[in-house]
Amino acid sequence: MTKRSQFVTKTGVIAATVGSAVGLGNIWRFPYEAGVHGGGAFLLLYIVCIFLIGIPVMLSEFVLGRATHQNGVGAFRKLAPRSPFRIVAYMGIIASVMILSFYSVVAGWIMEYLFQSIEGLFWNVDAEQYAERFAAFISNPWRPALWTLIFLAMNFLVLRRGVEKGIEKISNILMPVLFILLVIFCANSLSLPRATEGVKFLFTPHFEELSASVVIGAMGQAFFSLSLGLTCMLTYASYFSDSTKLTQSAVLTAILDSLVAILAGLVIFPAVFSFGKTPEEGPKLVFEVLPSIFAEMTGGHIWSVAFFLLLFFASLTSTISMSEIFISYLVEERRMERQKASILNTGVCAVLGVLCALSFGPLSEFTICGKNIFDLFDYVASNIFLPCGGILLSLFAGWALDRAIMRNQLTNDGRLSARWVKPLRFCMRFIAPIAICIVFIYGLL
Ligand code: PFF
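Quick note, in the working numbering, the sequence shown goes up one by one and the last residue is 654.
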């Protein structure tokens, strides 16, 4: 048995789980999903999903991960050798590869913007031209694909170094800085003319607009944003030490993650209305609006460089965590060297990532169910695979897992109060799986 590494400090644990959770999901995906799905109602449902479904599912993953100190497949092998539940671990591997593929494309867009900011290319154009320039960039036959590959190469370089050194150091320093920057940008956006329209859009729920796609979208966003349902948090928890407080870590991660998403919404939507744009732009939204925000700010040049640089690192801490799912499986279950496993993970995602990158250009005509490859990967992984994984993980933790293991994990072998054990177990057994099923059934009707 190879010795497994551990997150060394308590802040290291929080920084790593928050580092996985906070990323493009909060700053790029949340505003565009909220924009497409009507704002206020989406936000409310999203928050409900985070607390009612997200925290129980995250704790299910934490318990399974730390109780076994194994990757997803290994955890099920150890706890329930022949149970069909282990399919969830394989689904997680597939979902992680799909997400890493399209995520790297968006991270590539961020890198393009970082370079444009450094070179000062944002400032000598009219506000209307930002949208055109972005459209021209993503439809380019090679540039987005090249950035995708460069990003994956960087992800690979960090992965090779193992868990604690790379991840802990990077996320310990950068997450708080990103947070502070968002607060500053938020204050700036709120001072723009017509900013209140954006605030109203984000915070006033219009339930008459509620539809199946809004509900499914909000649940998918909650899973995506908290990195849940694909054994990512399970794998991370396998590196936790015996003293890590699971419940506290899960709640803190959920709160910080939602806070960043809401802050991002408060940066983007006031600006959307102020600059006369519409919130329904989809994946392009943030990239069309951000340059206008920076152009308005004193010292916008510096702000934009700092922001895209931090967003790049936030993306990297997320992609490192999703890569760990496949890599830890290959290393621990298939006895592959870490280096080789990292190469395999990067190689598969490079091929799929290029296909995603081209789906706004040369491959834009290629659609399945009206979605290009990029959108399809995102939709299938986030809205179907992750919630299905969530159902299975919480059912397994709630029903199949030995009650004593659950109790010991949640109370650190009796050293912490057991007050939350019963209600949490109830959520894992009933609330979370039933809520996810209701959303699915509502979606099918
Ligand atoms: N939670 C990340 C984000 O919001 O950007 C995305 C993510 C990371 C999804 C890790 C899935 C995962 F396993």
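In this text, a Cβ means the ideal position worked out from N, Cα and C, and glycines have one as well.
For glycine 248, the closest of Thr413, Phe360 and Arg342 by C-alpha to C-alpha distance is Thr413.
In this model, asparagine 235 and phenylalanine 649 are separated by some 23 Å (Cα to Cα).
Per DSSP, the unbroken alpha helix (DSSP H) holding aspartate 466 starts and ends at 455-483.
Of the candidates Asp584, Gly283 and Thr444, the residue whose Cα lies closest to the Cα of leucine 561 is Asp584. Arginine 291 is classed as exposed because its beta carbon has fewer than 16 other beta carbons within 10 Å across all chains shown.
In the displayed model, lysine 580 falls within a strand according to three-state DSSP. Counting only residues of its own chain and dropping the five nearest sequence neighbours on each side, glutamate 489 has a CB closer than 7 Å to the CB of Gly244 and Val245. A straight line joining the alpha-carbon of serine 483 with that of proline 402 spans about 6 Å.
In this structure, the alpha-carbon of glycine 438 lies about 17 Å from that of serine 310. Distances taken from the Cβ of serine 458 to the heavy atoms of ligand 1 include none shorter than 8 Å. According to the DSSP assignment, glycine 232 belongs to no alpha helix (DSSP H), since it is labelled neither H nor E. With a threshold of 8 Å, the Cβ atom of arginine 238 counts as near ligand 1, since some heavy atom of the ligand is closer than that.
By the neighbour-count criterion, in which 16 or more other beta carbons inside 10 Å mark a residue as buried, lysine 486 falls on the buried side. Taking C-beta separations shorter than 6 Å and ignoring five residues to either side along the sequence, the partners of methionine 300 in its chain run Phe594 and Gly598, following chain order.
Inclusion of alanine 504 and leucine 390 in the CB contact set at 9 Å is not warranted, their separation being larger than that value.
Shown here for asparagine 364: same chain residues with a beta carbon closer than 6 Å to its own, the five before and five after excluded, namely Thr528 in chain order. Looking from the CA of isoleucine 264, the closest CA among Leu383, Leu519, Ser452 and Trp629 belongs to Trp629.
When distances are taken from the beta-carbon of tyrosine 299 to the heavy atoms of ligand 1, even the shortest one reaches 8 Å or more. The shortest CA-to-CA distance from serine 452 to any of Asp622, Leu602 and Glu541 is the one to Asp622. Any heavy atom of ligand 1 counts here; residues with a Cβ closer than 6 Å to one of them, in chain order, are Ser229, Ala230, Gly232, Leu233, Gly234, Asn235, Ser305, Ile308, Phe433, Ser434, Ser436, Leu439, Cys441, Ser527, Ser530 and Met531. When the Cα atoms are used, alanine 224 and threonine 507 turn out to be separated by approximately 31 Å. Going by DSSP, tryptophan 318 is part of the alpha helix (DSSP H) stretching over 296-328.
Contact annotation, valine 495 with tryptophan 237: C-beta distance approximately 5 Å; criterion of less than 8 Å satisfied. For methionine 428, the three-state secondary structure derived from DSSP is helix.
For lysine 493, the secondary structure class from DSSP, reduced to helix, strand or coil, is helix. Shown here for methionine 637: same chain residues with a beta carbon closer than 6 Å to its own, the five before and five after excluded, namely Pro265, Ser269, Ser603, Ala606 and Gly607 in chain order. If you draw a straight line from the Cα of isoleucine 393 to the Cα of glutamate 406, it comes to about 19 Å. Your pair leucine 368 and cysteine 558 does not check out as a contact, with CB atoms roughly 11 Å apart and the cut at 8 Å.
A check of alpha carbon separations from leucine 411 across Ile471, Ser537, Ala550 and Ala613 identifies Ile471 as the nearest. The alpha carbon of threonine 444 has as its nearest neighbour, out of Ile259, Ile640 and Ser530, the alpha carbon of Ser530. Rounded to whole angstroms, the separation of the alpha carbons of glutamate 321 and tyrosine 339 is 13 Å.
Straight-line spacing of the CA atoms in cysteine 578 and glutamine 430 works out to 20 Å. When only Cα atoms are considered, leucine 499 and cysteine 395 end up about 12 Å apart.
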